[in-house]
Amino acid sequence: VWGQRSGVEVIANPGQNTDPAAVVFDAIAAAKARETELLLVDTAGRLQNKKNLMDELSKVRRIIDKKAEGAIVESLLVLDATLGQNGLRQAQVFSEAAQLSGVVLTKLDGTAKGGVALAVVQQLGLPIRFIGAGEGIEDLRPFSGYEFVEALLSG
């Protein structure tokens, strides 16, 4: 759905019980063959307390590191701002499995202030790269520390 909305090609394996690492392997090969500049890998729906899913995520990262050697790799955790401090534990576990390089903080359009962002930055050293304040593509925007602090203090 998001591929169509944003006008980008989606590489997927529609079969059931497909190994995510195999899909990533195929996607990297396709991106190289097509001389694609950007490959976005979405591993949504993972829970940090499901060991098998976290192991799959680690495997996906190993495939990326091996098959996309020399590429600039960003590994971003999409973190729900309404989770509060539980989000910190989630970020810790995902960081271990996927070598995170940053966070996308979502659901800032509701009552959540996103205080978890401070803990993630301070304790894990992960920068907030983007914020989401709605459900549309236009609602995802680069993070501004200044705007975030202003909103946190004013509201």
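The sequence shown begins at 525 in this note's numbering and counts up by one. Here a beta-carbon is modelled for each residue, glycine too, at the ideal position from N, C-alpha and C.
Could you tell me how far apart the beta carbons of residue i and residue j are, in whole angstroms, since I believe they sit closer than 8 Å?
i: threonine 630; j: leucine 603; result: 7 Å
i: leucine 624; j: leucine 607; result: Not a contact, Cβ separation roughly 16 Å.
i: glycine 626; j: alanine 605; result: The Cβ separation is near 15 Å, so there is no contact.
i: phenylalanine 654; j: phenylalanine 672; result: Actually they do not touch by this definition, with Cβ atoms about 12 Å apart.
i: alanine 592; j: isoleucine 535; result: Not confirmed; about 14 Å, so no contact.
Put residue i into one of helix, strand or coil per three-state DSSP.
i: threonine 606; result: helix
i: isoleucine 588; result: helix
i: glycine 626; result: strand
i: proline 666; result: strand
i: isoleucine 652; result: strand
i: leucine 677; result: helix
i: leucine 612; result: helix
i: leucine 577; result: helix
i: leucine 642; result: helix
i: valine 547; result: helix
i: valine 617; result: helix
i: glutamate 659; result: coil
i: glutamine 535; result: The sequence given here has isoleucine at residue 535, not glutamine. In the structure shown, isoleucine 535 sits in coil (DSSP, three-state: anything other than H, G, I, E or B).
i: glutamate 559; result: coil
So, residue i versus residue j, is the Cβ gap smaller than 8 Å?
i: valine 628; j: glycine 656; result: yes
i: glycine 611; j: valine 645; result: no
i: valine 584; j: proline 544; result: yes
i: alanine 555; j: leucine 563; result: yes
i: leucine 664; j: alanine 615; result: no
i: glutamine 609; j: alanine 643; result: yes
i: aspartate 633; j: glycine 658; result: yes
Does any residue of chain D have a CB that is nearer than 8 Å to the CB of residue i?
i: valine 645; result: Among the chains in the structure shown there is no chain D, since it carries only a single protein chain.
Name the one or two DSSP bridge partners that residue i has.
i: leucine 601; result: Val627
* To do: Taking 8 Å as the threshold, find out whether the segment 616-623 comes into contact with the segment 572-583 through three or more Cβ pairs.
  => By the Cβ criterion, the segment 616-623 is in contact with the segment 572-583, since at least three pairs of Cβ atoms, one from each stretch, lie closer than 8 Å.
* Asked: Should the segment 544-562 be called in touch with the segment 583-600, which here means at least 3 C-beta pairs below 8 Å?
  -> Judged by Cβ distances under 8 Å, the segment 544-562 makes contact with the segment 583-600, as three or more pairs qualify.
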